[in-house]
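Residue numbers (our numbering): 126 to 197.
Here it is, written out as structure tokens:
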């Protein structure tokens, strides 16, 4: 139904500037605050949008690696 739209909205790497990241964040906040958003996008997608909002517009997921002495 929304080919590529959800992925685009949730992908922080598509925006190069803070202004654009903030704009996308505001779009998601507006969608989530709409009383009809769940019926349009579905509960799973709205939960993903809410997670994005909770993390913020400039969140970066970091993988942690633990080095163990003596391992190769």
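In this text, a Cβ means the ideal position worked out from N, Cα and C, and glycines have one as well.
Cα-Cα, which of the options is closest to residue i?
| i | options | result |
| --- | --- | --- |
| residue 131 | 159, 165, 141, 179 | 165 |
| residue 137 | 127, 150, 158 | 150 |
| residue 142 | 193, 186, 182, 188 | 182 |
| residue 186 | 140, 177, 169, 156 | 177 |
Classify residue i: buried if its beta carbon has 16 or more other beta carbons within 10 angstroms, exposed otherwise.
| i | result |
| --- | --- |
| residue 92 | Residue numbering for the chain in the displayed model covers 126 to 197; residue 92 lies beyond these limits and cannot be assessed. |
Let me know the secondary structure DSSP gives residue i once reduced to three states.
| i | result |
| --- | --- |
| residue 170 | helix |
| residue 184 | coil |
| residue 136 | coil |
| residue 151 | helix |
| residue 193 | coil |
| residue 159 | coil |
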